[in-house]
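Colleague:
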Amino acid sequence: MTFSSEQDFLNQYNKKDFEAPLFTVDMAIFSVNAGQLQVLLIKRSNFPQKDKWALPGGFVDLSKDTNLMASAHRKLVEKTGLKSPHLEQVCTVGNPTRDPRGWAVTSLYFALIDFKEFQRIATEQTEYSEWVSITDAKKLDLAFDHLQLLDMAVERLSSKARYTALPVSLMPELFTLTELQQIYEIILGQSLEKKSFRRRMIEAGAVEETDQSKIAGKRPAQLYKYALDSFDFHFPRILEYPRDSLDKS
């Protein structure tokens, strides 16, 4: 068949002539609580994979979502009732075996949200959800290929923590540098050298002193606040681990 113009072709084009894959977004939603990096899991209420734990997510809505990021933001709010200070695409995965319903593609995102803020928000989600430590989550028989997706999201988060200020998004408005270092160490699963960490944060201008302090231990500790516009600030150098900790690993 020949066409007289682009518009003529589009007028006669039938998108059902070609099969389309199932398309979803899935999210690894991270927070820190009780000294652990945790991920939000939902228990699937419907088939397939009913009653299995899974990462939150859902199908792209062609009538509502202007792009994939919009899909991810929509599902994040549906599942948590919160917007994240950072939502980032990790990768796109697609094959004929990852979903029993057919050839399926998912766009994987990770988000960071404040655990305490989440506890105060009532959501309208229909699925039961629970915060699970990363260690425990990796022991579960997660639905579909979500264990592999979780591994990829954790790796991306850990990598970003080594060269960006992203972990600061999990802090309250005011915090001590010791508290901030603890968040970094929890995400990285690695201890950091105190003086080097403080120098990194201050010299880069990522944090600034306030006129407030709080009692930490037996003496007051200086309170800081985040000083930049974006949590995706890139430090000049990647965060290095203490040499003695590397020798022990």
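For the sequence shown, numbering that gives the first Met the number 0 assigns the number 0 to the initial residue and increments by one for each residue that follows. Just so you know, even glycine gets a beta-carbon here, dropped at the ideal spot from N, CA and C.
If you compare alpha carbons, which of L165, S30 and V59 is closest to A226?
Modeller: Selected option, being the one with the closest Cα: L165.
Colleague: What are the boundary residues of the beta strand (DSSP E) that K42 is part of?
Modeller: Start and end: Q35 to K42.
Colleague: Where does T163 sit, in a helix, a strand or coil, going by DSSP?
Modeller: T163: strand per DSSP, three-state reduction.
Colleague: What does the alpha-carbon distance come out to for the pair V92 and V167?
Modeller: For V92 and V167, the distance between alpha carbons rounds to 29 Å.
Colleague: Note down, in chain order, each residue of its chain lying with its Cβ closer than 8 Å to the Cβ of D60, except the 5 sequence neighbours on either side.
Modeller: Closer than 8 Å at Cβ, skipping near neighbours: S70 and R73.
Colleague: If you pair each beta-carbon of the segment 188-198 with each one of the segment 104-114, do three or more pairs fall below 8 Å?
Modeller: They do not touch, by the three-pair rule.
Colleague: Using only the alpha-carbon positions, how far apart do K213 and S62 sit?
Modeller: Rounded to whole angstroms, K213 to S62 spans 50 Å at the Cα level.
Colleague: Do E208 and Y223 come within 8 Å of each other at the CB atom, strictly closer than that value?
Modeller: Closer than 8 Å, so yes.
Colleague: In chain order, what residues of the same chain lie with their CB nearer than 7 Å to the CB of F230, ignoring the 5 residues before and after it?
Modeller: The residues are P84, H85, A164, L165, V167 and S168.
Colleague: How is the beta strand (DSSP E) around H85 delimited, first residue to last?
Modeller: Element bounds for H85: H85 to N94.
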